[in-house]
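Take 183 as the starting number for the sequence shown in the numbering used here and just add one per residue.
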Amino acid sequence: FTVRLPHVDMDEFDDKKKAHKASHSGRKAEKKKSKGHAKDEVSARARNPKAFAIQNVGKTERSVRRKEDISEKRKRLPTVDRTPLEPPPYIVAIVGPPKVGKSTLLKCLVRNFTKETLSDIQGPVTLLSGKRRRLTFIECPNDIQSMIDVAKIADLALILVDASFGFEMEVFEFLDICRVHGFPKIMGILTHLDSFKNVKVLRRTKKFMKHRFWTEVYQGAKLFYLSGTIRGDYHKTEIHNLGRFISVLKFRPLLWRESHPYVFADRIEDLTDPEILRKNPKSDRKISIYGYLRGTHLKNKSDIHIAGIGDFSIADVSFLPDPCPLPEKTGSTSGKRSLDERDKKVYAPMSGVGGIVYDKDAVYIDAGKQKKQKNKKADDDDSEEEMVEAMMNNELAFDEKMGESEVQLFSNFAPIKYSDLKEEEVGDNVPPSRNRRKVVFDDEEKDMEIGEEEGSDEEDEAESIDEDEEDFEDDMEIDEAEELESGLNWKSDLAKKASENFYARQAGTKSLRKLVYGQENDDKDKNLENEDEANKEEIGGMFKVLRDVEGEKSKKKSMLNQEDSTKFTVKLKDWSLEDTISSIKDCFVTGKWKDSEDADELLKLDDMDDDDEYDDFEDLETGEVHKAGEEAKENKDSSNDQPRIVEDEKELRKKRIERKKELKRKFDLDYDDGEGGKTHYDDLKREVEQQTLLNRKEFDGMDDEVRIQYEGYRPGMYLRCEVENIPCELITNFSPSNPLILGGLLSGEDQIGFVQLRLKKHRWYPKILKNKDPITISLGWRRFQTIPVLSIQDHNMRHRMIKYTPQHLHCDAHIWGPITPQGNGFLAVRTSGEVFKDNFRIAATGSVVEMDKTTCVVKKLKLTGAPYQIFRKTAFIKGMFNSALEVAKFEGAAIRTVSGLRGQIKKCLSSPVGAFRATFEDKILMSDIVFVKTWYNVEIPKYYVPITNLLLSQDEKWKGMRTTGQIKREKQIQNAPNEDSIYTEITREPKVFSDLRIPRKLQKDLPYKLKPKHDTNKKASIESKRIPLLMEPKEKKISDQMIMLKKVFEAKQDKTSKDTSKRIQELIKRKTGEEEKKFKRQKEARKRVSRTLSQAEGKRQKMLDKGMAGGDGSRNGKRRR
């Protein structure tokens, strides 16, 4: 028999797993279908309303309130957007302690954005990060002065932290500096993560440092991780991600930078006259500072402050072409979102990168230092660069190269050398003072005669020139007439030749008169045609006038086709007739002319469109009715006087649609509340947007030269600022690593006066600040040293001087410094020249409270005196004042005694000097001390010294005023103590009061206990009157022995008591140890008993469980049976 096998598909035996086959029939399939159908038709809230209902009212209320609080906290006060259309490059500062990888990160970021490798980077580096964004990278030195300057201008700060070591002081110092000066965007970067071998330790370190960084900056601050380096560079993926994040980051404007112009210098040039430098190398310099303008508009001749140097005034400002323009500005037509390779540019003049730099009066070419990665497939069109490089690398001058050059005319002849020709010229017998005379032809003689008649001034000038030449030609005897002819040859007939040249230029241009009315054969044209031969001649025997021969030929051909206007007369038309006017009416109207269209028809259609644009409507507010026809007629009547321009129908329709949209938008803004209604915040935003649009439309489309005269140089321009009277040390000691900032000053900020600050000592600074100790302050663009006077404001608005800064509290500080607007933050450094190894360098922070020309700080003073004569409630006081004038000033002042009695100063006494009469609320004693509390003004020291760290070399540190204590410590001078300040022990003798004497009348009324007893006095007097007995020697010996025995007994008793107490202590100690051991034994016994009981209980429970199991088994067996 045959077995018929079913068909087997070999694909079933493949390793691929089959997909689950869903069931299409049955109860489960129908249930799923019904569920899916219900989901499509009904929403989740409708299917299960209880799940979306409010379960807890209080919890819901709290969540809604928290959500609203968060949304309100996110809102900021709307400000006018003053960002220019072409913003300047954003400044990205790379900050961190030494040896954390700042230079490596900068090099990797530059390579990521530009595909170029810069080996030695110095100063700022400007590059393109996108089609509409530029970045300027700068590496911040580990110097407190440079960190302060960088924090004032940085838009983004990349803070590098060595994860293997942890956070260092420089990180928190820079964060505090940023917190004072506006707090730009902050991003942290952890490096040296490859030093961790344990993954758990690495994860724990990352988590700890992230939360600590969030505590200092804000919750959720961005923190990047650089895992390690490969051949000295970070991973490309990590750098690429970091660059992408930087290129899309949004920056918010800061108040101080928005209101002040500033230039971050990327190039500096010395413009001082070399002759001045030769005479005095240390004279003040004139320099030019180049950089992008940021902040607000800058005007010429304005006051500026160069951080680290001082205050100056701008001598001249000019804007230059952008050295690193955006691709849109250069006309790049790439449709990609990313940059093309040809659009990637880098500009770092301090590092020798930038190609060609255009200056006001020079062009700098730097072609040798720029190393680019060239594409092999690209065309080799580098002829210009090669030529410039060859010119730069030349060691010989051009005249020396010409001397070595040679030309070979024929192959069989020797080449001709330039040196041989030169020798032949030198060999000719030609006198050095040879007067070359030119042969004059007849035509030139006639021209010369005409020139002599027309211009006598030229003759006089030529004569003076020839007279000067005669002094150098004494050996040549030539007539004066011949000299005049040779001298006047090139100046003869200048006026006539100038007029001929003018008419020749005019003949070359097209004349509207000739185009409209034809060619005219005037006398001037004939003269011009006849003077072609004159133009061929030489001018002064040296130059020839070249003619446009091709242009003249084409002109003659066009003249052949023209009508000859000389053979017929032109008939003038009468322009007063309407027919004549209507004949040229169409010449002044533009539009599409077809067979079916006419100007009148188009005008009628235009009027019809205007009529249909608006229907009749009624103004609901005024009740006035407007009709469409009336407005159209008015518009038509008003427009009859002016010429009409016919436009395309599509363009008209577009304009009408745009106008309707604008009207609808205005209506919506005025009457639409929207969802939830309008808020005050929405009104503020709308006002700010309108102001922003108005500001941008004001000068839109205006030429830069005209616009600068109105508003000054706008942000985003690349400026060249000339500054004079700069110290020469800036040029000699200039370092590209230190940032050079040119900050603009507003009106009033260049003045110096009293400034009141609100100051608080930093919580990490180890010492308290002392009054009148010099500190370094960073306020606005300036860094300066001053002497503050600390004070606290009392309840009566009086500023009372204090000696030290209070702990964890604010106090007032009065300084003599530059006037700065209120609300600006500042920071103080104790001594900038001192090197801090472990301590925090920022001593205090605060803000400006008030600025005034005067200030009032008072100090408390106590004047003391003593009474020398006392009456009932009046006393005479001396020793408090030194003259009667001082007493007169303090008349009526409140005084007080040490015991608390209050009084008042009345009148001055004649003697002694400075004594006065005072009254008190009770009788005082001669031992009382009288004092008065007074206040006197404290003078604010007028000390202001700008910090000039840019004028010092890299090895030097700026040192300001030192305190007396610092000077004495350096010179090892021991401070002599003030005797008044030394605390001495005061010994007061007990005061002996006199006996209390009670009158006899009062003694009778007193009880017996209080009556004076005279018996005690009698006994005391009897005791004092007793005569002492003198002992015999034997008795004295016995008494001495008894005293000795008594002392021995007392010593024995003391020893016995000490031994007894010692034995008792030992007994107590032994008993305590025994009790502890007993307690320990009892505890162990209890444990054993508890363990035994628990074991027995466990066994019993197991037996019960087995019995239960056996009973169940027997029951189950019975059931089975």
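Using N, Cα and C, we set each Cβ at its ideal position, and we do this for glycine too.
Segment contact: the region 501-512 against the region 476-492, fewer than three CB-CB distances shorter than 8 Å; contact not assigned. In the DSSP assignment, Leu259 is bridged to no other residue. A Cβ-Cβ separation of about 6 Å places Leu340 in contact with Ile371 under the 8 Å criterion. According to DSSP, Ile908 shares a beta bridge with Arg467.
Restricting attention to alpha helix (DSSP H) runs no shorter than 4 residues, the region 980-1023 encloses none.
Shortest Cα-Cα distance from Thr1036 to any of Gly1005, Ala1057, Ile1001 involves Ile1001. For Ala1026, DSSP records a beta bridge to Lys943, Ala1010. Within the same chain, no Cβ atom closer than 7 Å to the Cβ of Tyr400 is found once the five residues on either side in sequence are excluded. Residue pairing of Tyr416 in beta bridges, as defined by DSSP: Thr411. Excluding the 5 residues flanking it on each side, Ile1129 has same chain C-beta neighbours closer than 8 Å at Gln327, Gly490, Thr958, Arg965, Phe966, Gln967, Ser1014, Trp1140, Gly1142, in chain order. By the Cβ neighbour-count rule, Met979 is exposed, with fewer than 16 other Cβ atoms within 10 Å of its own. Where Lys879 is concerned, there is no enclosing beta strand (DSSP E), although the alpha helix (DSSP H) around it starts and stops at 862-880. As the crow flies, the alpha-carbon of Val528 is around 20 Å from that of Asn920. With a beta-carbon spacing of about 7 Å, Leu922 and Ile450 fall inside the 8 Å limit used to define contacts. Within the same chain, no Cβ atom closer than 7 Å to the Cβ of Lys1284 is found once the five residues on either side in sequence are excluded. Under the DSSP assignment, Tyr1118 falls outside any alpha helix (DSSP H), being part of the beta strand (DSSP E) whose first and last residues are 1112-1119.
Annotation: the continuous beta strand (DSSP E) that includes Gln1051 extends over 1040-1052. Val1069 and Gln1086 have their C-alpha atoms some 12 Å from each other.
The three-state reading of DSSP puts Tyr1125 in coil, since its state is none of H, G, I, E or B. In the three-state scheme derived from DSSP, where H, G and I count as helix and E and B as strand, Ile496 is classed as strand. According to DSSP, residue pairing for His487 in a beta bridge involves Asp493, Gly925. Secondary structure of Glu1103 (DSSP, three-state): coil. Shown here for Leu436: same chain residues with a beta carbon closer than 6 Å to its own, the five before and five after excluded, namely Gly364 in chain order. Residue burial annotation: Lys367 is buried, with at least 16 other C-beta atoms found within 10 angstroms of its C-beta. Taken through DSSP and simplified to helix, strand or coil, Lys1240 comes out as helix.
For Ser973, the beta-bridge partners assigned by DSSP are Met983, Asp994. Under DSSP, Ile371 takes part in a beta bridge, and its partners are Leu342, Phe406. Comparing alpha-carbon positions, the option among Asp1177, Phe395, Ser1176, Lys1193 lying closest to Lys1183 turns out to be Lys1193. In this chain, Ala1057 is not harboured by any alpha helix (DSSP H); it is covered by the beta strand (DSSP E) spanning 1056-1060. Within the same chain, no Cβ atom closer than 7 Å to the Cβ of Leu759 is found once the five residues on either side in sequence are excluded.
Asn1006 and Asp331 have their C-alpha atoms some 16 Å from each other. In the displayed model, Phe501 falls within a strand according to three-state DSSP.
By the Cβ neighbour-count rule, Glu588 is exposed, with fewer than 16 other Cβ atoms within 10 Å of its own. Relative to Ser1081, the option among Met1108, Gln304, Gln891 whose CA is nearest is Met1108. By the neighbour-count criterion, in which a residue is buried when 16 or more other Cβ atoms sit within 10 angstroms of its Cβ, Leu291 is buried. Cβ atoms of Phe295 and Gly414 stay farther apart than 8 Å, at about 19 Å.
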